[in-house]
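Numbering (the UniProt record's numbering), first residue to last: 1 to 1000. Beneath this line is the structure, given in structure tokens, with notes to follow.
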Amino acid sequence: MFTFTPLLGAQSSSSRASQSILELDGGIKILVDVGWDDKFNTLDLAELEKHIPTLSLILLTHATPAHIGALVHCCRTFPLFTQIPIYATNPVIAFGRTLLQDLYASAPLAATFLPKASVSEPGASSAGSATVPGGDTEAAGSTSRILLQSPTAEEISRYFSLIQPLKYSQPHQPLPSPFSPPLNGLTLTAYNAGHTVGGTIWHIQHGLESIVYAVDWNQARESVVAGAAWFGGSGASGTEVIEQLRKPTALICSTTGGDKLAPSGGRKKRDDLLLDMIRSSLAKGGTVLIPTDTSARVLELAYALEHSWRDAANGGKEDVLQGAGLYLAGKKVTNTIRLARSMLEWMDENIVREFEAAESADVTNGQRTGGQDKSSSKGGGPFTFKHLKIIERKKRLEKLLAEPGPKVILASDTSMDWGFSKDALRQVAEGPNNLLLMTESFRKDMQTQGSKPSQSSTIGGMIWQWYEERRDGVALEKGSDGEHIEQVHSGGRELCWADVQRAPLDTGEQLIYQQYLATKRQLQDTSQTLGQETLETAADALDDGSSSTTSEDSDPEHQGRALNFSASLAHATRSKLAVSDEDLGINILLRRKNVYDYDVRGKKGRERMFPYVAPRKKGDEYGEFIRPEEYLRAEEREEIDMQQRRTDAETKLGQKRRWGDAAGPHGRKLSGGAAGRKRPHIDGKTIDDDDLSLVSDGEDADVAAESEDEIEGQSFEGPAKVVYNTRAITINARIAFIDFMGLHDKRSLEMLIPLIQPQKLILVGGMKEETSALAAECQKLLTVKLGATVSDPAFDSAAIIFTPANGEVIDASVDTNAWNVKLSNTLVRRLNWQHVRSLGVVALTAQLRGPEPAEIGDIETPGKKVKQLKDEAASSAVAPALEQADTKIIDKVGVYPLLDTLPASMAAGTRSMARPLHVGDLRLADLRKLMQSAGHTAEFRGEGTLLIDKSVAVRKSGTGKIEIETTAQSSLGRPSGRGLGSFLAVKKKIYEGLAVVAGS
């Protein structure tokens, strides 16, 4: 059994977010992707929340918001989510962590709003503040809503450390979640999907079900990202899909771009067109803004532009690129580039060759200079940028935009609703010589009519609408190849949108927020979730746990304090009041700030001892729970330490610290000791080695200055709310589009799907028009592949194609008749099993009977346990009720029918007279190895023909039939030891590779 349910992303015209549920036989549920869109609406996750208690495992495909955007939110909001095993490749884990750290640091709406159910007072969801930190007043009709606290970078890293990494082509049998049924041999295998570094095509094998989940893949090779592994990898040049991905029982494929053809010329033509667009604006002294993502497609863009600047600098001709600046702006781009340098093996093979060539050049230059002046002899690796400069601070970006001169800025994010692209748009949009170069298309429902602001539309979606309308005309520029390139005039139109800003809470909103925290704290006390225990909860546990030094006369007092504390906490939830100092007792030294003295005169027991919260080790019958933060990888620890060094301030005099605060994460001290003094300093600021490689020599003073400006203009900390303000800017810059999405097109889909030959085809991940057009075309292609015609009655049933909508459940089970039966012991002893790879095959003739009453009684059921307890209690009064309950429970237990041997009177008359069956699929490549190991010569001749001993030809037809041909030779012309024996030897090896199944 296999059912598929798309939660998000199926026939959706407003969002590219992807979430899918795959349910297999036995109640196994697999969630593929936890995507979110740019609106960050929690209602999109309501359907997912219903499935979380029944999920077995989670798979991730790409490190983009559409595939992992809601991962951290689900880990924080749904307690059971962190207990579900998650699988992904190493790049998806690393780049996904960087992406979400940038997302939560830049987008206020990503933190989500305070749940309305947690606020008991009427009207609490609408606040009353009407100003924002900038001093602008709110527009009419705007509202303010309270935000939850955003996760820290350490918290995001901890969640991503729970993901289990997998390698490509590595079969893996995963472990289920604690509340999942057994997986019964389910096997996962990841294959390269292209589109992003580490992008994955998942192959799921469970019983007879062979499922290929391929969403957002790209067959074409790019500069950084290798092509999808349909034919065996980036360097493969085969004409057939690899065996593991061929002929699946179900293929789940995305339809994005299924109605469009990619421009001719391939990657080189695309890159040349990008440079022509950039040169046309730089020649006029303009600025080019390219919105991109944080850690996925930005690598392709950065690599292409960096190498174009290198070619312009090394070329003898005068080029406009030589005098233009190239910048990459984003809050986490330093980590992205650093991670890219450590994951070259996941990229195209040309990247590896370039890295090896750069390393050999470094060695050669180092030998010539005698190891001196390493900085000047350092070669140019694929991600060792010489021209691309990194910008991670808003002040630095504003200073750059104020400087005159041509420049190119890559900024996150593509939606332009958050990130540095939104800030840069305000400066770039007004210049008529500037160019807004978009690299990703937007869907139709994300556009708005006219220029009215809408919270459901992104800035990028509205600009994309202008590009498609072309209301103010098109400018034609001449490219390097003589062809014209199109740039759309904006015509000085005014762009309006609802700007989202964070603002501090007022007095009334702070009371509401405190009420929410008190309610949440009370829920934590009643049901402590694994890994989420707070200091207050631990302090209560100290009071609850009995101590060997506590006398018995203190127990009533301890119980009284616990009751008083619970009553006081419940009262605080209702009236928004804090717990009184008397109820806290000695624990006031821990829970109150600036409290250092406590009168212990007249106290006894714990009230006379300074409170110390001893960390309790949690475990179960298998031992202590594993703490994933203790097993972080090196790059994760470096990232946490870097963040700690940037944010930690010196402890003030008199400020209280918890035990271990003087040391950094994992027990490593972060103070300026001997080890710290070895790092270079710039005006008191510590710079990492990675930072030094990304900062030019002439910008050290700017780095120090901008760090000081950042501290001065640092936004407030603590609880906040969202304030919507209507903003408007006049756009005079030109608008252009280059397709850098790196996704499949109509030609790729129509070529590959017939080669894959799926039994069931499920189309998701595209708009309704794209899905319908591709479904109609695939129906014809798969029918032709199977040999039917349009007029054939079997045309409609030749290929089964599903086009589900969001929330629709479809049954795509394999078309076989299979039942679960129980074999009797006498029948098992008579069976002669034949093994084909990992399967066992046998043919039998038996009698089907119902389960015997004795077998039902042997089943271990809850009813049986109840009956045993009843016998031990020897209570005859409740015996009829227990027997009735026992009968009901037995009826619900799955009992299998029994296969037994035939009686002697029927065995002779029903004996099978059929010829033996040969089960299996012998590959000619395997037969070649077998014959060569046996001493025969074997080589391929022609197409699909294996020639053995130059006398026996073996062919395999399209239906799987093996044909053997040999030539008639005289005994004098045969090689010694060969000839007559070759044909028999080949026949014997073929039979050994197949299972001969006869009736029994």
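Yeah, the Cβ is synthetic: ideal placement off N, Cα and C, and Gly gets one too. Here the structure is a predicted model, which means the values were calculated and not measured.
Using DSSP's beta-bridge definition, name the partner residues of Gln834. Taking the sequence shown and counting its residues from 1, one reaches residue 834 at position 834. Beta-bridge pairing links Gln834 to Val841.
Hey, how far is the Cα of Asp891 from the Cα of Lys29? Against the sequence shown, residue 891 aligns to sequence position 891. Against the sequence shown, residue 29 aligns to sequence position 29. With a pLDDT of 40 at Asp891, under the threshold of 50, the predicted position of this residue should be treated as unreliable, though the coordinate-derived value follows. One C-alpha to the other measures close to 26 Å.
Would you report the Cα separation of Ala634 and Lys331, rounded to the nearest angstrom? For the purposes of this step, residue 634 is identified with residue 634 of the sequence shown, where counting begins at 1. For the purposes of this step, residue 331 is identified with residue 331 of the sequence shown, where counting begins at 1. Cα-Cα distance, rounded: 21 Å.
Could you give the DSSP three-state label for Ala63: helix, strand or coil? The residue given as residue 63 occupies position 63 in the sequence shown. Coil at Ala63, not helix or strand.
First and last residue of the uninterrupted beta strand (DSSP E) at Gly325: Residue 325 sits at position 325 when you count from the first residue of the sequence shown. Its beta strand (DSSP E) spans residues 325-329.
Would you identify the three-state DSSP class for Met906, choosing helix, strand or coil? Working through the sequence shown from its first residue, we reach residue 906 at position 906. Helix.
Please classify His936: does DSSP put it in a helix, a strand, or coil? On the sequence shown, residue 936 is found 936 positions in, with the first residue counted as 1. In the structure shown, His936 sits in coil (DSSP, three-state: anything other than H, G, I, E or B).
Does DSSP put Ala985 in a helix, a strand or coil? Residue 985 sits at position 985 when you count from the first residue of the sequence shown. Residue state, collapsed to three classes: helix.
Which of the three DSSP states is assigned to Val703 in this structure? Working through the sequence shown from its first residue, we reach residue 703 at position 703. The predicted position of Val703 is uncertain, since its pLDDT is 41 and thus under 50; a value taken from the coordinates is nonetheless stated next. In the structure shown, Val703 sits in a helix (DSSP, three-state: H, G or I).
Pro278 and Leu328: beta carbons closer than 8 Å? Within the sequence shown, residue 278 is the residue found at index 278, counting from 1. Within the sequence shown, residue 328 is the residue found at index 328, counting from 1. It should be pointed out that residue 278 corresponds to Ile in this sequence rather than to Pro. Their beta carbons are not under 8 Å apart, which means Ile278 does not touch Leu328 by this criterion.
When you compare only the Cα positions, how much space is there between Arg747 and Pro754? Start at 1 with the first residue of the sequence shown, and residue 747 comes out as number 747. Start at 1 with the first residue of the sequence shown, and residue 754 comes out as number 754. Looking at the two C-alpha atoms, the distance is approximately 12 Å.
Opposing strand residues paired with Pro754 [DSSP bridges]: Position 754 of the sequence shown, counted from the first residue, corresponds to residue 754. According to DSSP, which records beta bridges pairwise, Pro754 is partnered with nothing at all.
Backbone secondary structure at Ile626 - three-state DSSP: Numbered from its first residue, the sequence shown carries residue 626 at position 626. Reduced to three states, the DSSP call for Ile626 is coil.
Identity of the residue in Asp271, Thr249, Val320, Tyr303 nearest Ser281 by Cα: As a working mapping, residue 281 is identified with position 281 in the sequence shown. Ranking Asp271, Thr249, Val320, Tyr303 by Cα distance to Ser281 puts Val320 first.
Measuring CB atoms only, is the region 802-812 touching the region 749-763, in the sense that at least three cross pairs come out at less than 8 Å? yes
What would DSSP say about Trp309, mapped onto helix, strand or coil? Translated into positions along the sequence shown, residue 309 becomes position 309. Helix, per DSSP.
From the DSSP secondary-structure annotation, give me the bridge partner or partners of Pro165. In the sequence shown, counting from the first residue as 1, residue 165 sits at position 165. Answer is Ala88.
According to DSSP, is Ser412 part of a helix, a strand, or is it coil? Within the sequence shown, numbered from 1, the residue matching residue 412 stands at position 412. Looking at Ser412 - three-state DSSP - the assignment turns out to be strand.
Look at Gly491 and Asp472 and say whether their C-beta atoms are less than 8 Å apart. Position 491 of the sequence shown, counted from the first residue, corresponds to residue 491. Position 472 of the sequence shown, counted from the first residue, corresponds to residue 472. Yes, these two residues count as a Cβ contact at 8 Å.
Alpha carbon to alpha carbon, how far is Thr54 from Val32? Taking the sequence shown and counting its residues from 1, one reaches residue 54 at position 54. Taking the sequence shown and counting its residues from 1, one reaches residue 32 at position 32. Distance between the alpha carbons of Thr54 and Val32: 14 Å.
Return the residue from the list Thr239, Glu349, Glu403, Thr249 that minimises the CA-CA distance to Val197. On the sequence shown, position 197 is the one that residue 197 refers to. Here the closest residue by C-alpha is Glu349.
Give the straight-line distance between the Cα atoms of Leu774 and Val333, rounded to the nearest whole angstrom. Taking the first residue of the sequence shown as position 1, residue 774 is located at position 774. Taking the first residue of the sequence shown as position 1, residue 333 is located at position 333. Approximately 37 Å, taken between the alpha carbons.
Taking 8 Å as the cut-off, does the region 215-224 touch the region 43-58 (at least 3 CB pairs, one atom from each stretch)? no
Residue range of the beta strand (DSSP E) that includes Val895: As a first step, residue 895 must be located in the sequence shown, where it is residue number 895. Counting along the chain, Val895 falls outside any beta strand (DSSP E), and DSSP gives it neither H nor E.
Roughly how many angstroms separate the alpha carbons of Gln19 and Ala846, rounded to a whole number? As a position in the sequence shown, residue 19 is number 19, starting the count at 1. As a position in the sequence shown, residue 846 is number 846, starting the count at 1. Each residue's alpha carbon lies about 46 Å from the other.
Three-state secondary structure (DSSP) at His73? In the sequence shown, the residue the question calls residue 73 occupies position 73. The answer is helix: DSSP assigns His73 an H, G or I state.
Where does Asp811 sit, in a helix, a strand or coil, going by DSSP? Position 811 of the sequence shown, counting from 1, holds the residue named residue 811. Asp811 falls in the strand class under three-state DSSP.
Consult DSSP for Glu963 and reduce its assignment to one of helix, strand or coil. For this step, residue 963 is matched to residue 963 along the sequence shown. Three-state DSSP puts Glu963 in a strand.
Cβ distance (whole Å) where Pro91 is taken to contact Trp346 below 8 Å: As a working mapping, residue 91 is identified with position 91 in the sequence shown. As a working mapping, residue 346 is identified with position 346 in the sequence shown. At roughly 5 Å, the Cβ-Cβ gap stays under 8 Å, so Pro91 and Trp346 are in contact.
List the endpoints of the continuous beta strand (DSSP E) containing Leu31. Numbered from its first residue, the sequence shown carries residue 31 at position 31. Segment 28-32, the beta strand (DSSP E) holding Leu31.
Which residues bound the alpha helix (DSSP H) around Lys593? The residue you call residue 593 lines up with position 593 of the sequence shown. Segment: none, Lys593 is in no alpha helix (DSSP H) and carries neither H nor E.
In angstroms, rounded to a whole number, what distance separates the CA positions of Tyr467 and Ala776? As a position in the sequence shown, residue 467 is number 467, starting the count at 1. As a position in the sequence shown, residue 776 is number 776, starting the count at 1. Cα to Cα, Tyr467 sits roughly 30 Å from Ala776.
Would you report the Cα separation of Leu922 and Phe983, rounded to the nearest angstrom? Counting from one through the sequence shown, the residue named residue 922 turns up at place 922. Counting from one through the sequence shown, the residue named residue 983 turns up at place 983. Approximately 17 Å, taken between the alpha carbons.
Where DSSP assigns a beta bridge to Ser210, which residues make up the other side? Here residue 210 refers to the residue found at position 210 when the sequence shown is read from its first residue. Note: Ser210 sits in a beta bridge opposite Gln205.
Would you list the residues sitting across from Trp497 in a DSSP beta bridge? Within the sequence shown, numbered from 1, the residue matching residue 497 stands at position 497. According to DSSP, Trp497 bridges with Arg727.
DSSP three-state label for Gln524, please. Looking up residue 524 in the sequence shown gives position 524. In this structure, Gln524 counts as helix in the three-state DSSP scheme.
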